[in-house]
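Asks:
Residue numbers (UniProt numbering): 1 to 330.
So, in structure tokens, the structure goes:
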């Protein structure tokens, strides 16, 4: 099912561009979108955010007091990747973001069964609209969950603003966590049990992830924890070492279990093997396009496609862009 971004968030992103003096028509043209836009599917929204970011040289899309220059997010991701655990990663992210001294103060504290990641508005600083908060919490929460190969379960989320008209979309944005509005700050409550999870991604992978922002924040993640993650690792290893996409029989043998047992256990997790293979292919393709100079044909072969044309069609269905257009946007 396609992921749809509410029209209010789309309008909020464009409001940031207008506030910085940018021409919205030119930005929409750069993103390949019509002159009047409403709700957007995720690939179109990704192009819009990138167009705004590049036009303003601001990864905060003009929504906060000062621009955050392009590349800052990648530096933070590299810094966070050197943490040992999810809890330590949140500590590194919090310290880094607080150094920016922009529109919010960031802090981290424990409370009961949760680790609280909190952002508090600095008096007198610009916070243009609710998306200034939404994007920070979604992107940070999703990136750090990805760092440890976890779905990003939350004990709760809270917001300084009143419930917006698109509040129904928050269930998907914030992992169906309990939510509160009209609070004195905004933030996420991360289960303390998850904070001991080890960081699995290295600096190169983390930097590539950050450069793809906000792509991964809106792509579905199925192979993110437990057995599905083990299957994803086995698929990626086979692709990387042998250059072929393994079937379930091969992966089951790698994990030392019968194919019917693997199928049953994945079904119990609500995950399908074919979906895991698609995700591994997609993630590997995006990473290779972002971090290597390999040709599209070579990347198609490395990700198990027999023909470059099939790879190009698949990549467009994943991201809304052709591989060459995606690489050019980097």
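All C-beta atoms, glycine included, are put in the ideal place defined by N, C-alpha and C.
Go ahead and label residue 5 buried or exposed: buried means 16 or more other beta carbons lie within 10 angstroms of its beta carbon, across all protein chains shown.
Replies: Locating residue 5 in the chain shown gives position 5, counting from the first residue. Flag for residue 5 reads buried.
Asks: With 16 other CB atoms within 10 Å as the buried threshold, where does residue 141 fall?
Replies: On the chain shown, position 141 is the one that residue 141 refers to. By the neighbour-count rule (16 or more Cβ atoms within 10 Å), residue 141 is buried.
Asks: With DSSP collapsed to three states, give me the class of residue 179.
Replies: Here residue 179 is taken as the residue at index 179 of the chain shown, counted from 1. Strand at residue 179.
Asks: Determine the burial state of residue 8: buried for a count of at least 16 other Cβ atoms within 10 Å of its Cβ, exposed for fewer.
Replies: On the chain shown, position 8 is the one that residue 8 refers to. Buried, since its Cβ has 16 or more Cβ neighbours within 10 Å.
Asks: On the three-state DSSP scale, how would you describe residue 201?
Replies: For this step, residue 201 is matched to residue 201 along the chain shown. Looking at residue 201 - three-state DSSP - the assignment turns out to be coil, as it is neither helix nor strand.
Asks: Please identify the residue among 326, 103, 96 and 278 whose C-alpha is closest to the C-alpha of residue 129.
Replies: On the chain shown, position 129 is the one that residue 129 refers to. Of the candidates 326, 103, 96 and 278, the one whose C-alpha sits nearest the C-alpha of residue 129 is 103.
Asks: Check whether the Cβ atoms of residue 135 and residue 186 lie closer than 7 Å to each other.
Replies: Against the chain shown, residue 135 aligns to sequence position 135. Against the chain shown, residue 186 aligns to sequence position 186. No, the pair does not count as a contact, with Cβ atoms beyond the cut-off.
Asks: Look at the alpha carbon of residue 23 and the alpha carbon of residue 17, and state the distance between them as a whole number of angstroms.
Replies: Here residue 23 refers to the residue found at position 23 of the chain shown. Here residue 17 refers to the residue found at position 17 of the chain shown. Cα to Cα, residue 23 sits roughly 8 Å from residue 17.
Asks: Determine the DSSP secondary structure at residue 53, reduced to helix, strand or coil.
Replies: On the chain shown, residue 53 is found 53 positions in, with the first residue counted as 1. Looking at residue 53 - three-state DSSP - the assignment turns out to be helix.
Asks: Using DSSP bridges, identify the partner residues of residue 191.
Replies: Along the chain shown, read from residue 1 onward, the residue named residue 191 stands at position 191. BP columns for residue 191 point to 114.
Asks: At which residues does the alpha helix (DSSP H) containing residue 157 begin and terminate?
Replies: Position 157 of the chain shown, counted from the start, is the residue given in the question as residue 157. Residue 157 -> not in any alpha helix (DSSP H); beta strand (DSSP E) instead, spanning 156-158.
Asks: Helix, strand or coil, according to DSSP, for residue 64 in the structure here?
Replies: Reading the chain shown from its first residue, position 64 is the one you call residue 64. Three-state result, residue 64: strand.
Asks: With C-beta atoms as the reference, is residue 147 less than 7 Å away from residue 199?
Replies: Here the question's residue 147 lines up with position 147 in the chain shown. Here the question's residue 199 lines up with position 199 in the chain shown. Closer than 7 Å, so yes.
Asks: Considering residue 29, what are the terminal residues of the alpha helix (DSSP H) in which it resides?
Replies: In the chain shown, residue 29 corresponds to position 29, counting from 1. Run containing residue 29: 24-30, per the alpha helix (DSSP H) assignment.
Asks: Name the one or two DSSP bridge partners that residue 121 has.
Replies: Here the question's residue 121 lines up with position 121 in the chain shown. Note: residue 121 sits in a beta bridge opposite 104.
Asks: Quick one: measure Cβ to Cβ for residue 137 and residue 188, integer angstroms, because I've assumed they're closer than 8 Å.
Replies: Position 137 of the chain shown, counted from the first residue, corresponds to residue 137. Position 188 of the chain shown, counted from the first residue, corresponds to residue 188. At roughly 6 Å, the Cβ-Cβ gap stays under 8 Å, so residue 137 and residue 188 are in contact.
Asks: What number of angstroms, rounded off, separates the C-alpha of residue 43 from the C-alpha of residue 319?
Replies: By one-based count along the chain shown, residue 43 stands at place 43. By one-based count along the chain shown, residue 319 stands at place 319. Cα to Cα, the separation comes out at about 5 Å.
Asks: So what's residue 127 in DSSP terms, helix, strand or just coil?
Replies: Here residue 127 corresponds to residue number 127 of the chain shown, with the count starting at 1. Strand, per DSSP.
Asks: Pull up the distance between the alpha-carbon of residue 174 and that of residue 202, whole angstroms please.
Replies: Mapped onto the chain shown, residue 174 falls at position 174. Mapped onto the chain shown, residue 202 falls at position 202. In a straight line, the C-alpha of residue 174 is about 25 Å away from that of residue 202.
Asks: Between the beta-carbon of residue 280 and the beta-carbon of residue 235, is there less than 7 Å?
Replies: Taking the first residue of the chain shown as 1, we reach residue 280 at position 280. Taking the first residue of the chain shown as 1, we reach residue 235 at position 235. Yes. Within cutoff.
Asks: Who are the Cβ neighbours of residue 49 in its own chain at under 7 Å, not counting the five residues just before and after it?
Replies: The residue you call residue 49 lines up with position 49 of the chain shown. Excluding positions up to five away in sequence, the list reads 13, 61 and 214.
Asks: Give the DSSP-derived three-state secondary structure of residue 242 in the structure shown.
Replies: Counting from one through the chain shown, the residue named residue 242 turns up at place 242. Of the three classes helix, strand and coil, the one that applies to residue 242 here is helix, per DSSP.
Asks: If we ignore side chains and look at the alpha-carbon of each, how far apart do residue 27 and residue 45 end up?
Replies: One-based indexing of the chain shown puts residue 27 at position 27. One-based indexing of the chain shown puts residue 45 at position 45. Their backbone Cα atoms lie some 12 Å apart in a straight line.
Asks: Using only CA atoms, which one of 90, 159, 52 and 183 lies nearest to residue 197?
Replies: For the purposes of this step, residue 197 is taken as residue 197 along the chain shown, with counting starting at 1. Checking every option, the nearest Cα to that of residue 197 belongs to 90.
Asks: So residue 250 is in the alpha helix (DSSP H); what residue range does that whole segment cover?
Replies: Residue mapping note: residue 250 aligns to position 250 of the chain shown, counting from 1. First-last of the alpha helix (DSSP H) with residue 250: 248-254.
Asks: Among the residues of its own chain, which have a CB less than 7 Å from the CB of residue 85, if the five just before and after it don't count?
Replies: If you number the chain shown from 1, residue 85 lands on position 85. Closer than 7 Å at Cβ, skipping near neighbours: 195, 196, 197, 198 and 199.
Asks: Just mark residue 190 as buried or exposed, buried being the case when its beta carbon has 16 or more other beta carbons within 10 Å.
Replies: For the purposes of this step, residue 190 is taken as residue 190 along the chain shown, with counting starting at 1. So residue 190 counts as buried.
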